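S.K.: Pasting a structure here, questions to come.
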Amino acid sequence: EPEVTQTPSHQVTQMGQEVILRCVPISNHLYFYWYRQILGQKVEFLVSFYNNEISEKSEIFDDQFSVERPDGSNFTLKIRSTKLEDSAMYFCASSELARVGEQYFGPGTRLTVT
Amino acid sequence: RKEVEQDPGPFNVPEGATVAFNCTYSNSASQSFFWYRQDCRKEPKLLMSVYSSGNEDGRFTAQLNRASQYISLLIRDSKLSDSATYLCVVILTGGGNKLTFGTGTQLKVEL
């Protein structure tokens, strides 16, 4: 069964450093997403991406965040200058064009900012 | 008021029991509804979509009440493997493809 993959599984970084989280969505999916979940809290939407551009973003997704599809398979989330409050689990997801509510999530990257 | 509200639980039930969860949403124009399941420290996984007429998938039954703005999930004949957090998820009208999650209801099925 096709699945979304994410690397790394755990990233530890110092405050102020840049991090890039990587995802490989399911190959025939056209919508890609990033969500985050702070420990003990609900899953929160960050951004959606379609046709090589951002289709929607949340208030959390400020100028410190960016997304990119550098090639035909990878989808990345960059945090330019990490803050302590960026510590969370970051989930990538993808969906088919016709079933956007049925999103398939990757296993997540746990980001720890020290 | 939260966009999607759920009782956090935990609901502790014996194996074989029937258990029901409710969820309320604040935006009456919400358009799509889902139940996702999340195991501890894992990713959310789609359990089922919720249709206006109600729908069933094996031991799981989902209902939508638009007038009262709530969604329910019924699990019959609970298994130990059903232990997880059940997430109520909504797509708000005008919300694009953004999933709006509730905080989840924790279920523990015991021997």
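Top to bottom, those sequences are chains E and U. Going by our numbering, the first residue of the first sequence is number 458, and it counts up by one from there. Going by our numbering, the first residue of the second sequence is number 2, and it counts up by one from there. All C-beta atoms in this analysis are idealised placements derived from N, C-alpha and C, irrespective of residue type, glycine included. Just so you know, these numbers come straight off a predicted model, no measurement behind them.
1. Hey, does Phe532(E) have any beta-carbon neighbour from chain U nearer than 8 angstroms?
2. By Cβ distance below 7 angstroms, which residues in the same chain neighbour Val110(U) in space, the five residues on each side in sequence not counted?
3. Indicate, with yes or no, if the ligand ATP has a heavy atom lying under 7 angstroms from the CB of Ser552(E).
4. Which residues in chain U sit within 9 angstroms of Tyr488(E), going by Cβ to Cβ distance?
5. Is there a Cβ of chain U sitting closer than 8 angstroms to that of Gln482(E), yes or no?
6. Since Glu6(U) and Gly103(U) are thought to touch, with beta carbons under 8 angstroms apart, how far apart are those beta carbons, to the nearest angstrom?
7. If you measure between the beta carbons of Ser538(E) and Gln521(E), is that distance less than 8 angstroms?
8. Among Glu516(E), Val461(E), Thr470(E) and Val481(E), which has the Cα closest to the Cα of Asp528(E)?
9. Is any beta-carbon of chain U found at less than 8 angstroms from that of Phe551(E)?
10. Can you check whether the C-beta of Ile72(U) is within less than 8 angstroms of a C-beta belonging to chain E?
11. From Met49(U) to Arg38(U), what does the alpha carbon distance come to, in whole angstroms?
12. Compute the distance between the beta-carbons of Leu1(U) and Phe502(E), then report whether it is under 8 angstroms.
13. Consider the Cβ of Gly10(U): report whether some Cβ of chain E lies at a distance smaller than 8 angstroms.
14. Taking Trp36(U) as the reference, give the member of Ala68(U), Arg2(U), Gln64(U) and Ser69(U) with the closest Cα.
M.R.: For this structure:
1. no
2. Val14, Glu16, Ser79, Lys80, Leu81, Asp83 and Ser84
3. The model on display carries no ligand, and the ligand ATP is accordingly not part of it.
4. Asn98
5. Correcting the residue identity first, residue 482(E) is Pro in this sequence and not Gln. Not closer than 8 angstroms to any Cβ of chain U, the Cβ of Pro482(E) fails to qualify, so no.
6. 6 angstroms
7. yes
8. Val481(E)
9. Reading the sequence as shown, one finds Ser at residue 551(E) and not Phe. No, its Cβ sits nowhere closer than 8 angstroms to a Cβ of chain U.
10. no
11. 9 angstroms
12. Chain U is shown only over 2 to 112; residue 1(U) falls outside these bounds and no answer can be derived.
13. no
14. Gln64(U)
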